[in-house]
Structure formats: structure tokens, C-alpha cells
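The block underneath contains the structure these notes are about, expressed in C-alpha cells.
Numbering (our numbering), first residue to last: 8 to 223.
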């Protein structure tokens with residue numbers, strides 16, 4: 008007598024049996040053969056169990072897909088928002104930079120506006136018939152000192168250049184050479200126009216005349 012095969016205990020084994028049944032059914036093989044140990048009732052129970060498990064797995068998979076799709080949409084929205092924020096920041100920074108360059112000298116110009124006003128008053132006073140020349144000169148000196156203080160407050164200083172200094176290409180611009188018995192060759196014998204430094208940068212070289220040495 009042929010020994011019967013034992014039943015598998017797990018749901019996976021039951022599913023395997025059900026799949027085997029379905030395949031046999033598709034090939035029109037009678038499930039009630041001598042090779043089968045299951046009754047019709049057992050088979051129906053297996054089919055019902057597998058159907059429930061498949062339905063649960065399908066619902067869980069669908070829920071997971073929906074959740075992932077929602078996460079993707081949320082990330083897309085965050086990315087668009089961040090991109091828009093970065094673009095707005097870039098434009099705002101560019102605008103602020105342009106305005107900074109455009110109005111960089113605004114404070115200095117505002118302070119210098121007093122100079123032409125003072126010069127206008129000085130000219131009007133000088134044109135009067137009974138004007139005191141000494142007072143006019145004093146007024147001009149006051150205007151000069153006021154303007155110079157404004158420049159100093161902005162970081163502008165005159166180059167400390169004097170006659171007899173050795174010519175320095177980093178600080179001076181030689182306009183011409185003249186022979187000199189007193190000033191050594193290559194040294195400054197006259198300052199035509201003073202130079203200026205803004206903070207630590209030379210913005211105008213001093214225009215000078217240098218010595219070519221003794222005429223002999």
C-alpha cells in the first residue's frame with residue numbers, strides 16, 4: 008500500500024498546493040486522483056485563505072504605492088519652493104550689489120555739496136567793490152581745509168613726497184628730467200602735482216621732475 012504524503016503546515020506551503028491545484032485544473036486534470044490527499048472542502052478552504060492573503064497583500068501594496076507617490080509629490084513641491092527661494096535670493100543679492108556700487112559714494116558726495124555752496128558765497132563776496140581781500144583769502148582757506156578734512160575722513164591722504172626724495176615708480180610719475188648740481192641723479196627736483204593714497208592704494212601718482220645729474 009502506497010504511503011500518503013504529509014500536509015505542509017505553513018501558509019506558503021498551502022499556497023504552493025493551491026497553485027499546483029490550479030495548474031492541474033487548467034490542464035483539465037481531475038483533482039480527485041490517487042495522487043491528491045485533499046478533499047473538495049479542503050481545496051475550497053485553501054482557495055479562500057489564499058484569496059484573502061492575496062487581497063491583503065494587494066491592499067498593502069496599493070497603500071504603499073500611494074504613500075510613495077505622496078512622498079514624491081511632497082519632495083517635488085519642496086524642491087520647487089527651494090529653487091524659487093534661491094532664485095529670489097540671487098536676484099535680491101544682485102540688486103543690492105548693483106545699488107551698493109551705484110551709490111557707493113553717496114555719503115561722500117552729500118558731504119561735498121557744502122563745498123560748491125561755500126565757493127559760491129566766497130565768489131560773490133570777492134566781486135563786491137568794498138570786499139576785503141584778506142577776508143576773501145581766509146574764506147577760501149577755510150573752504151580748502153573743510154574739503155580736505157572730508158577727503159581724509161573718506162580715507163584719502165596725500166603722498167608724502169618732497170624735493171630730494173629718490174624717484175619711486177610705485178609712487179611717482181616723471182614728467183621730465185633736468186640737470187641739477189644740487190640734487191643727485193634720479194632724485195626729485197620739483198613736484199608738479201601731488202599724489203594721493205586712498206586707504207593703502209595709490210590712486211594718483213605724484214607728477215614730478217627728476218634730476219639727470221650735474222650738467223658738467
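The C-beta atom is built at its ideal place from N, Cα and C for all residues, glycine as well.
Treat the numbers as computed from the prediction; the structure is a model and nothing was measured.
Please classify residue i as buried or exposed, where buried requires at least 16 other C-beta atoms within 10 Å of its C-beta.
{"i": "residue 138", "result": "exposed"}
{"i": "residue 100", "result": "exposed"}
{"i": "residue 72", "result": "exposed"}
{"i": "residue 111", "result": "exposed"}
{"i": "residue 190", "result": "buried"}
{"i": "residue 129", "result": "buried"}
Measuring only the C-alpha atoms, how far is residue i from residue j?
{"i": "residue 145", "j": "residue 103", "result": "44 Å"}
{"i": "residue 149", "j": "residue 159", "result": "15 Å"}
{"i": "residue 196", "j": "residue 170", "result": "5 Å"}
{"i": "residue 80", "j": "residue 70", "result": "15 Å"}
{"i": "residue 121", "j": "residue 109", "result": "22 Å"}
{"i": "residue 133", "j": "residue 125", "result": "12 Å"}
{"i": "residue 75", "j": "residue 96", "result": "31 Å"}
{"i": "residue 178", "j": "residue 185", "result": "19 Å"}
{"i": "residue 107", "j": "residue 77", "result": "45 Å"}
Within a Cβ cutoff of 8 Å, which residues of the same chain sit near residue i, ignoring the five residues on either side of it in sequence?
{"i": "residue 182", "result": "199, 214, 215, 216"}
{"i": "residue 136", "result": "none"}
{"i": "residue 206", "result": "162"}
{"i": "residue 155", "result": "none"}
{"i": "residue 17", "result": "Here residue 17 scores only 45 on pLDDT, less than 50, and its place in the model should not be relied on; the value that follows carries that caveat. The answer is none, since no qualifying residue turns up."}
Taking residue i as part of the beta strand (DSSP E), name the residues at either end of that continuous run.
{"i": "residue 197", "result": "195-200"}
{"i": "residue 165", "result": "163-165"}
{"i": "residue 176", "result": "No beta strand (DSSP E) contains residue 176, which DSSP labels as neither H nor E."}
{"i": "residue 168", "result": "Premise fails: residue 168 is in no beta strand (DSSP E) and is neither H nor E."}
{"i": "residue 218", "result": "213-218"}
{"i": "residue 204", "result": "203-205"}
In chain order, what residues of the same chain lie with their CB nearer than 7 Å to the CB of residue i, ignoring the 5 residues before and after it?
{"i": "residue 211", "result": "202, 203"}
Please go through the same chain and pick out, in chain order, the residues whose beta-carbon is closer than 6 Å to the beta-carbon of residue i, but skip the five residues on each side of it.
{"i": "residue 218", "result": "187, 190, 192, 194, 196"}
{"i": "residue 5", "result": "The question about residue 5 has no answer here: the residues shown for the chain are numbered 8 through 223."}
{"i": "residue 115", "result": "161"}
Any beta carbon from chain D within less than 8 Å of residue i's own beta carbon?
{"i": "residue 132", "result": "This model lacks chain D altogether, as it is built from one protein chain only."}
(message) Which runs of the alpha helix (DSSP H) at least 4 residues long sit entirely within the region 90-160? Give them in chain order.
(response) Fully enclosed alpha helix (DSSP H) runs of 4 or longer: 113-119, 121-134, 140-160.
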